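Heads up: the sequence shown at position 50 corresponds to 85 in the working numbering, and the numbers run straight through without jumps.
Single-structure report; data block below.
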Amino acid sequence: MKDLSHIAQSVHASTTLTIDAMFKQMKADGVDVIGFGAGEPDFDTPEHIKNAAIAAIKDNFTRYTPTPGIMDLRQAAADRLKADCGVSYEPTQIVVASGAKHSLYIALRTLVNPGDEVILPAPYWVSYRELIEMVGAVPVIVTAGEAEDFKLTAAKLEAAITPKTKAIILNNPSNPTGMMYSREDLIALTDICVRHDLYIIADEIYYRLVYDGAVFTSIPSLSPEVKEHTILVNGVSKSYAMTGWRIGYAAANGKIAKVMSNYLSHSTSAPCSIAQKAAVAALCGPQEGIRAMQAAFQERRDYLVSRMNRIPGVSCIKPQGAFYVMMNIRPLVGTTLHGVKIESADDFADALLKFGLVAVVPCGGFGAPDFVRWSYATSMENIKAGLDRLEKFFAEG
Ligand code: PMP
Ligand code: GLU
């Protein structure tokens with residue numbers, strides 16, 4: 036038989052989803068494992084959102100909708116972006132898709148030709164790199180280390196630009212680092228993008244999950260030129276505990292929005308009609324639930340960070356947003372734990388799962404080979420027990 040597509044065959048399964056599936060399977064098999072892998076809120080979707088979906092089914096709102104989403108939802112997203120991010124879009128500039136991950140895919144499809152370069156600051160969320168490669172573009176990885184708070188600097192960005200550079204992906208607050216760019220940081224980076232006529236894919240899906248009163252700045256709010264160059268990606272998964280509903284959206288200039296919509300019309304068509312109604316309720320309804328979730332996440336982060344930094348051999352810096360902590364395991368590389376030679380974060384994560392019954396995500400696939408990611412989107416009890424197990428793992432190893 037003829038060979039399959041080279042591009043398709045080079046796609047790796049998502050590490051985050053693989054670890055999550057493994058964790059859920061172990062649980063189902065009766066293994067007493069604690070999971071810090073999945074990047075999804077452990078809270079339930081609020082009642083008023085679920086009720087909107089039930090009403091949609093009862094009202095027979097069960098048919099195809101327009102490809103870029105129902106107008107109510109596009110308007111609701113535009114209103115929320117105006118209220119929360121200080122940025123104005125017409126509802127026709129909003130394109131809804133089946134999850135923000137799909138919005139990112141369609142954004143890349145819309146912007147790049149095969150061979151174009153896309154700048155990707157590392158550490159990066161594992162899917163960005165694969166998505167760039169899936170559209171035949173070339174990821175240009177620019178690493179920002181712990182000493183730089185994992186944040187791309189203007190000088191490093193400028194140095195990475197070539198005549199082939201088409202776009203950059205900026206994720207703020209960041210998965211996996213939880214770090215946040217300040218307004219000044221963003222002005223410095225986006226000035227360069229505009230000067231070099233680069234598109235900015237701004238993934239702001241964690242924008243509501245920021246701590247210690249940190250002020251979030253939305254990239255397209257910086258200036259009309261920046262806005263014109265930006266495809267803003269957002270969604271309801273993280274802010275409203277709706278990961279399974281699969282609603283994300285992009286906001287962009289009219290031309291980009293039209294191309295994205297055309298592309299969607301031949302791939303997925305519109306997302307689920309019922310989930311769209313639920314997303315309208317999420318975006319237009321009471322927002323207090325988010326504040327409660329945010330307060331819980333902040334308390335968990337504080338506990339996790341301070342205790343982790345008291346455990347010899349590992350350390351972390353304190354993130355300001357999202358729900359992830361990057362644990363530095365560099366001092367352990369070259370040591371042996373439970374009979375396993377630790378050469379990489381993968382080895383460490385495997386050993387911790389096998390001998391410590393704690394699931395974390397190794398960050399080799401995130402461009403950060405000396406780190407493992409802990410998601411604190413899990414209960415305080417689990418966090419305490421997980422750290423107890425980490426200590427025991429070291430003590431017995
Ligand atoms: N962007 C980032 C940075 C994420 O962490 C996620 C989590 N899956 C997504 C996008 C995709 O979210 P969604 O569930 O809406 O596809
Ligand atoms: N974004 C989440 C994570 O990083 C969910 C899983 C995924 O889609 O990658 O864990």
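Built from N, CA and C at the ideal position, the CB exists for glycine as well.
None of these values were measured; they are calculated from a predicted model.
Can you list, in chain order, the residues of its chain with a C-beta nearer than 6 Å to that of residue i? Leave out the 5 residues immediately preceding and following it.
i	result
Leu422	Arg342
Ala135	Ile240, Val268, Gly270, Gly283
Tyr234	Leu146, Ala202, His264
Ile196	His231
Ser272	Thr278
By the 10 Å Cβ neighbour count, where 16 or more other Cβ atoms means buried, how is residue i classified, buried or exposed?
i	result
Gly289	exposed
Val46	exposed
Val250	exposed
Val340	buried
Leu152	Looking at the sequence itself, residue 152 is Glu, so the reference to Leu does not match. By the 10 Å Cβ count, Glu152 comes out buried.
Ala48	exposed
Asp405	buried
Lys460	In the structure as shown, the chain begins at 36 and stops at 432. Residue 460 is therefore absent and cannot be evaluated.
Asp232	exposed
Asn297	exposed
Leu166	buried
Gly215	First, the amino acid is wrong: residue 215 is Met here, not Gly. Looking at its Cβ environment, which holds 16 or more other Cβ atoms inside 10 Å, Met215 is buried.
Gly279	exposed
Lys389	exposed
Phe395	A small fix is needed here, since residue 395 is Val in this sequence, not Phe. It counts as buried.
Leu39	exposed
Val498	The structure shown does not extend to residue 498, since the chain is modelled only from 36 to 432, so the question has no answer here.
Asn148	exposed
Ser300	exposed
Tyr99	exposed
Gly374	exposed
Ala237	buried
Gly121	exposed
Gln44	exposed
Asn95	exposed
His41	exposed
Pro397	buried
Could you tell me whether any non-hydrogen atom of the ligand PMP is closer than 8 Å to the CB of residue i?
i	result
Trp409	no
Tyr124	no
His83	no
Ile266	no
Gly283	yes
Ala135	yes
Tyr275	no
Ile203	no
Asp238	yes
Val66	no
Gly270	yes
Tyr246	no
Tyr241	yes
Spatial neighbours of residue i within its chain, please: CB distance less than 7 Å, with the 5 preceding and 5 following residues excluded, ordered by chain position.
i	result
Ser410	Phe71, Gly72, Ala73, Gly74, Phe358, Tyr359
Ser133	Arg281, Thr303, Pro306
Asn363	Glu181, Val349, Ser350, Cys351, Asp405, Phe406
Gly324	Pro81
Cys228	Ile203, Ile235, His264
Glu193	Ile227
Ser123	Lys117
Indicate, with yes or no, if the ligand GLU has a heavy atom lying under 8 Å from the CB of residue i.
i	result
Ala287	no
Trp280	no
Gly434	This structure does not reach residue 434, given that the chain is present from 36 up to 432, and the question cannot be answered.
Leu52	yes
Asp405	no
Asp55	yes
Pro211	yes
Val396	yes
Leu162	Reading the sequence as shown, one finds Ser at residue 162 and not Leu. At least one heavy atom of the ligand GLU is nearer than 8 Å to the Cβ of Ser162, so yes.
Ser253	no
Ser138	no
Ser49	yes
Cutting at 8 Å between CB atoms, please list the residues of its own chain near residue i, excluding the five before and the five after it.
i	result
Leu367	Gly348, Val349, Ile377, Phe383
Ala412	Ala73, Gly74, Glu75, Pro76, Asp77, Phe332, Phe358
Thr200	Asp151, Glu152, Val153, Ile154, Val175, His231, Leu233
Val66	Leu392
Val261	Thr225, Cys228, Val229, Ile235, Ile254, Pro255
Asp381	Pro397, Gly399
*Please determine if the region 378-392 and the region 242-254 are in contact, where contact requires at least 3 C-beta pairs separated by less than 8 Å.*
no
_If contact is defined by three or more beta carbon pairs under 8 Å, each pair taking one atom from either stretch, is the region 146-163 in contact with the region 315-329?_
no
*Would the region 78-88 and the region 285-303 be scored as touching if the rule is three or more Cβ pairs under 8 Å?*
no
*the region 166-179 contacting the region 301-316, beta-carbon criterion three pairs below 8 Å*: no
*Within the chosen definition, does the region 103-117 reach the region 138-157 through at least 3 CB pairs nearer than 8 Å?*
no
*asked:* Does the structure place the region 220-230 close enough to the region 184-196 that three or more beta carbon pairs sit under 8 Å?
replied: yes
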